[in-house]
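Chemist:
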Amino acid sequence: MVADVTAQKENPKTKIRERGLDLVFLIFLYFILSLILISLLYPLIFVVSASISDPSAIMAGKVVLFPVGFSLKAYQAILDYKQIWVGFSNSLFYTVAGTLVNLVVTILAGYALSRKDLVGRNFFIFLFAFTMLFNGGIVPTYLVVNELGLINTRWALIIPQALSVWNLIITVTYFRTSIPNELLEAAQLDGCSDIQYLVRVVIPLSAPIVAVLILFYAVGHWNEYFSALLYLNDQALYPLQIILRTILVQNQVDMTMMVDVRSYQAIQAMRELLKYALIVVATVPVLMIYPFVQRYFIKGIMIGAIKG
Amino acid sequence: MTILDAVRRSQFTASTRRQSLEKTWAKVKRGWQLYLMLLIPLAWLLIFQYWPMYGAQIAFRNFMPGLSIWESPWVGLENFTKFFNSYMFWRLLRNTLWISFYSLLVGFPIPIIFALAINQLSSGWFKRTIQMVSYAPYFISTVVVVGMVIQFLDLRRGPINLLLQTLGMSPVNFMGSPEMFSSIYVWSGVWQYTGFSAVIYLAALSTVDPSLHEAAVVDGANRLQLIWHIDLQTIMPTVLTLLILNMGQILNVGFEKIFLLQNTLNQTTSEVISTYIYKVSLASGVASYSYGAAIGLFNSLVGLILLALANQISKKLTDTGLW
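Protein chains in written order, with the working numbering: chain C, 34 to 341; chain X, 4 to 326.
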């Protein structure tokens, strides 16, 4: 805009004509982006509206944007649905424990690889980065996990995913560019060992990258379903996403939970309502933390982009 | 440190080979704690990434559960020829390439256009809102997104079909039509990932030199010309880098989502290489690990070759490359 003003002084006549064109362009832009905004938001609003609507309104296809009638029956049903809560607490465990392991492994590797005086640094970085280009495939990986005796244990969802190379690269880049080298020299003069330096100096200065890592890893664990599908077959260990798949995708709902629902139609309606409420319940925890970490999230992608 | 480095380097040129080896060894010894830090990550890398690569040799053996990998007999390329000659091969290749190509064609340029458009807005609530809303779907799990797709496209109660009916058209069984599958996959992906993918371009756009814009405006450029000649040129290296990376992924179409969207009605167009590997090896009663591993290896190798090719082409044409 500043540029526009200065330009206008230089050559007012041509500028006015182009401003007109630019104005049309801008109005068009706002119009299109508003349409995009609506199409992004509509599915989310619809799901919430449907989840609190009257079951019969859903079956009749009356819910378009806003809730029709009001009922919290679906949420009540979820409260009584034992499997969902088993899944919920399992997912919470995998997310917290898994993210902790991720943080330790990523920061240890990230710091060591960020040190230019590490002999063999390029070789180690190559070892890590190569796995982004080529991997053994799911069958050999499954066989390794099987051979280690991790199948059907909680560890199967934590240890094989202990590190994401992409996050490691972001971390290395952060340590290399954001922690001043002079600090290391000063600490070394004071007789500080590498481990002490990492714990006392580097980690306290790394809040932004730790936030990024927590966000990426935690969301990854919370949303993970494929590893559970591969490595677990004990229902008591299933994470929420597997339960969600059974209900949302395979359409298998345990109706014995709903004692007060009798007729076939009512069961059908309840089944649909339950799905919408479940989508809300499963998504809200992630969407709720997200506005608070949003700026870190953008920062993380930007750190990645520098390296890109 | 730089002075120390210089001193060390001058010593290096002067010293004999034995001395330099000693120096390196001294450096290794001084940094022993760094190697200690690398111990766990490296062990993980070797066990969970390189051991499977080594284990991928079962693709050339006839591996049977009960026997260990090393005890299973070698069969050479038998598993590969079996795959190439199977009736599924061309179907899988066609489906995989088509879904990939369609995703790339639609899913690659849209975030760029979106970022360029967002970049035109002056900062304010509208810009903040659209950015925040556009990232949100990225955080919704694949299972939930697929659940939503199924609900939305439901033949009787889904809002899309209700809309079609209000417009006087007959409802469409989206999830049951093979010809709809790739579009459902691609466009739900656009909904989920456009905002997220645009962030990287927005980051690149923030590096545009404002004086370039000023100069261009003085020369009488309009907004579209500014976008085309300055903004797009600035982010071109980022665009190319991501394009190369995407080329390498062309056979790795989103396994999770495709697997969840599949049903018996749309199988003819929805079965791709990765879902097929899972079905023949890990999900089936008679697990044929070797066959699955062979298909997986074929998949990885083609991916690597495509990536290298894209990288070479990009380097020739634009000097931008991953290596």
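Here a beta-carbon is modelled for each residue, glycine too, at the ideal position from N, C-alpha and C.
(1) Taking buried to mean at least 16 other C-beta atoms within 10 Å of its own C-beta, is VAL38 (chain C) buried or exposed?
(2) Using 7 Å as the threshold, is the C-beta distance between VAL177 (chain C) and TRP54 (chain X) below it?
(3) If you draw a straight line from the C-alpha of VAL198 (chain C) to the C-alpha of ASN266 (chain X), how long is it?
(4) Given a cut-off of 7 Å on the beta-carbon distance, is the pair ASN88 (chain X) and ALA62 (chain X) in contact?
(5) Could you pull the start and end residues of the alpha helix (DSSP H) that PRO112 (chain X) belongs to?
(6) Nearest chain C C-beta to ALA120 (chain X) closer than 7 Å, yes or no?
(7) Taking the Cβ atom as the reference point for each residue, do LYS30 (chain X) and VAL205 (chain C) lie within a distance shorter than 7 Å?
(8) Under three-state DSSP, which class holds ARG151 (chain C)?
(9) Nearest to MET239 (chain X) by CA position, among X:LEU254, X:LEU124 and X:ALA206, is which residue?
(10) Quick check: is the beta carbon of TRP47 (chain X) nearer than 7 Å to any beta carbon in chain C?
(11) Given the structure, does ILE43 (chain X) come close to the ligand MN, in the sense that its CB is under 6 Å from one of the ligand's heavy atoms?
(12) Using a Cβ-Cβ cutoff of less than 6 Å, which residues in the same chain neighbour ASN269 (chain X) once the five nearest sequence positions on both sides are dropped?
(13) Looking at the secondary structure, which residues open and close the alpha helix (DSSP H) in which TYR258 (chain C) lies?
(14) Checking 7 Å against the spacing of the C-beta atoms, do GLY120 (chain C) and TYR250 (chain C) come in under that value?
(15) Give the straight-line distance between the Cα atoms of PRO241 (chain C) and PHE142 (chain X), rounded to the nearest whole angstrom.
(16) Identify each residue in the region 25-51 of chain X for which the Cβ-Cβ distance to at least one residue of chain C is less than 9 Å, and report them in chain order.
(17) Taking Cβ positions, are ILE111 (chain C) and VAL319 (chain C) nearer each other than 7 Å?
(18) What residues from chain X crowd round TYR114 (chain C), counting only those whose CB sits closer than 8 Å?
(19) Touch check for the region 69-77 of chain C and the region 127-138 of chain X: three-plus C-beta pairs under 8 Å?
(20) From the DSSP output, read off the bridge partner residues of TRP77 (chain X).
(21) By DSSP, does LEU70 (chain X) sit in helix, in strand, or in coil?
(22) I'd like to know if PRO112 (chain X) contacts chain C, where contact means its C-beta is closer than 7 Å to some C-beta of that chain.
(23) I'd like to check one pair, ALA219 (chain C) with TYR230 (chain C): are the Cβ atoms closer than 7 Å?
(24) Below 6 Å CB to CB, which residues in the same chain sit around ASN314 (chain X) once its five sequence neighbours on both sides are set aside?
(25) Does DSSP put GLY102 (chain C) in a helix, a strand or coil?
(26) I'd like to check one pair, VAL146 (chain X) with LEU264 (chain X): are the Cβ atoms closer than 7 Å?
(27) Rounding to the nearest angstrom, what Cα-Cα distance links VAL344 (chain C) and MET321 (chain C) in this structure?
(28) Using a Cβ-Cβ cutoff of 8 Å, what residues of the region 322-335 of chain C are near chain X? List them in chain order.
(29) Could you spell out where the alpha helix (DSSP H) holding HIS216 (chain X) opens and where it closes?
(30) Going by the CB atoms, is the gap between LEU306 (chain C) and ALA107 (chain C) shorter than 7 Å?
(31) Given this structure, state the Cα-to-Cα distance separating SER317 (chain X) from LEU310 (chain X), to the nearest angstrom.
(32) Alpha carbon to alpha carbon, how far is THR186 (chain C) from ILE192 (chain C)? Give it in angstroms, no decimals.
(33) In three-state terms, what does DSSP make of MET178 (chain X)?
(34) Can you list the residues of chain X that THR210 (chain C) reaches, using a CB-CB cut of under 8 Å?
(35) Find the nearest neighbour of TYR258 (chain C) within the set X:SER125, X:PHE262 and X:SER284, judged by alpha-carbon distance.
(36) How would you label ASN344 (chain C), buried or exposed, when you count the other beta carbons within 10 angstroms and need 16 or more for buried?
Modeler: Checking against the coordinates, here is how it stands:
(1) Numbered from its first residue, the first sequence carries residue 38 (chain C) at position 5. Below a pLDDT of 50, predicted positions are generally treated as unreliable, and VAL38 (chain C), at 42, falls in that range; the measurement from the model is reported next regardless. It counts as exposed.
(2) Here residue 177 (chain C) corresponds to residue number 144 of the first sequence, with the count starting at 1. Here residue 54 (chain X) corresponds to residue number 51 of the second sequence, with the count starting at 1. Going by C-beta atoms, VAL177 (chain C) is nearer than 7 Å to TRP54 (chain X).
(3) Indexing the first sequence from 1 puts residue 198 (chain C) at position 165. Indexing the second sequence from 1 puts residue 266 (chain X) at position 263. Between VAL198 (chain C) and ASN266 (chain X), the C-alpha separation is close to 33 Å.
(4) For the purposes of this step, residue 88 (chain X) is taken as the residue at position 85 of the second sequence. For the purposes of this step, residue 62 (chain X) is taken as the residue at position 59 of the second sequence. Not in contact: ASN88 (chain X) and ALA62 (chain X) (Cβ atoms no closer than 7 Å).
(5) As a working note, residue 112 (chain X) is residue 109 in the second sequence. It spans 112-123 - the alpha helix (DSSP H) in which PRO112 (chain X) sits, taken as one unbroken run.
(6) In the second sequence, counting from the first residue as 1, residue 120 (chain X) sits at position 117. Chain C contact via Cβ: present.
(7) Translated into the one-based positions of the second sequence, residue 30 (chain X) becomes position 27. Translated into the one-based positions of the first sequence, residue 205 (chain C) becomes position 172. It is not a contact, given that the beta carbons lie outside the stated cut-off.
(8) Taking the first residue of the first sequence as position 1, residue 151 (chain C) is located at position 118. What sits at residue 151 (chain C) in the sequence shown is Leu, not Arg. Three-state result, LEU151 (chain C): coil.
(9) In the second sequence, residue 239 (chain X) corresponds to position 236, counting from 1. Checking every option, the nearest Cα to that of MET239 (chain X) belongs to X:ALA206.
(10) The count along the second sequence starts at 1 and reaches residue 47 (chain X) at position 44. Chain C, which has a Cβ nearer than 7 Å to the Cβ of TRP47 (chain X), makes this yes.
(11) The ligand MN is absent from the structure shown, which contains no ligand whatsoever.
(12) As a working mapping, residue 269 (chain X) is identified with position 266 in the second sequence. These residues qualify, in order along the chain: PRO181 and PHE184.
(13) Along the first sequence, one-based indexing puts residue 258 (chain C) at 225. Here TYR258 (chain C) belongs to no alpha helix (DSSP H), and DSSP marks it neither H nor E.
(14) As a working mapping, residue 120 (chain C) is identified with position 87 in the first sequence. As a working mapping, residue 250 (chain C) is identified with position 217 in the first sequence. No.
(15) Counting from one through the first sequence, the residue named residue 241 (chain C) turns up at place 208. Counting from one through the second sequence, the residue named residue 142 (chain X) turns up at place 139. Approximately 19 Å between the Cα atoms of the pair.
(16) THR27, TRP28, LYS30, VAL31, ARG33, GLY34, TRP35, GLN36, LEU37, TYR38, LEU39, MET40, LEU41, LEU42, ILE43, PRO44, LEU45, TRP47, LEU48, LEU49, ILE50 and PHE51
(17) Counting from 1 along the first sequence, the entry for residue 111 (chain C) is found at position 78. Counting from 1 along the first sequence, the entry for residue 319 (chain C) is found at position 286. Result no, Cβ atoms of ILE111 (chain C) and VAL319 (chain C) do not sit closer than 7 Å.
(18) Taking the first residue of the first sequence as position 1, residue 114 (chain C) is located at position 81. The contacting residues do not exist; TYR114 (chain C) stays about 15 Å from chain X at best.
(19) yes
(20) Working through the second sequence from its first residue, we reach residue 77 (chain X) at position 74. According to DSSP, TRP77 (chain X) bridges with X:ARG64.
(21) Taking the first residue of the second sequence as position 1, residue 70 (chain X) is located at position 67. Looking at LEU70 (chain X) - three-state DSSP - the assignment turns out to be strand.
(22) What you label residue 112 (chain X) is simply residue 109 of the second sequence in a count that begins at 1. For PRO112 (chain X), the answer is no, since every Cβ of chain C falls outside 7 Å of its Cβ.
(23) Counting from 1 along the first sequence, the entry for residue 230 (chain C) is found at position 197. Counting from 1 along the first sequence, the entry for residue 219 (chain C) is found at position 186. Not a contact, by the Cβ cut-off of 7 Å.
(24) Here residue 314 (chain X) is taken as the residue at index 311 of the second sequence, counted from 1. The answer, listed in chain order, is ILE247, GLY324 and LEU325.
(25) The residue given as residue 102 (chain C) occupies position 69 in the first sequence. Coil at GLY102 (chain C), not helix or strand.
(26) The sequence position of residue 264 (chain X) within the second sequence is 261, counting from 1. The sequence position of residue 146 (chain X) within the second sequence is 143, counting from 1. No.
(27) Residue 344 (chain C) lies beyond the stretch modelled for chain C, which goes from 34 to 341, so this question has no answer here.
(28) TYR323, PRO324, GLN327, PHE330, ILE331, ILE334 and MET335
(29) What you label residue 216 (chain X) is simply residue 213 of the second sequence in a count that begins at 1. Note, HIS216 (chain X): alpha helix (DSSP H), 213-221.
(30) The residue labelled residue 107 (chain C) in the question sits at position 74 within the first sequence. The residue labelled residue 306 (chain C) in the question sits at position 273 within the first sequence. Against a cut-off of 7 Å, the Cβ pair of LEU306 (chain C) and ALA107 (chain C) comes out as a contact.
(31) The count along the second sequence starts at 1 and reaches residue 317 (chain X) at position 314. The count along the second sequence starts at 1 and reaches residue 310 (chain X) at position 307. Spanning the two alpha carbons is a distance of roughly 10 Å.
(32) As a first step, residue 192 (chain C) must be located in the first sequence, where it is residue number 159. As a first step, residue 186 (chain C) must be located in the first sequence, where it is residue number 153. In a straight line, the C-alpha of ILE192 (chain C) is about 11 Å away from that of THR186 (chain C).
(33) In the second sequence, residue 178 (chain X) corresponds to position 175, counting from 1. MET178 (chain X) falls in the helix class under three-state DSSP.
(34) If you number the first sequence from 1, residue 210 (chain C) lands on position 177. What THR210 (chain C) touches in chain X: nothing, since even the nearest Cβ is about 14 Å away.
(35) As a working note, residue 258 (chain C) is residue 225 in the first sequence. Measuring from the Cα of TYR258 (chain C), the nearest candidate turns out to be X:PHE262.
(36) Because chain C in this structure spans residues 34 to 341, residue 344 (chain C) falls outside the shown range and cannot be described.
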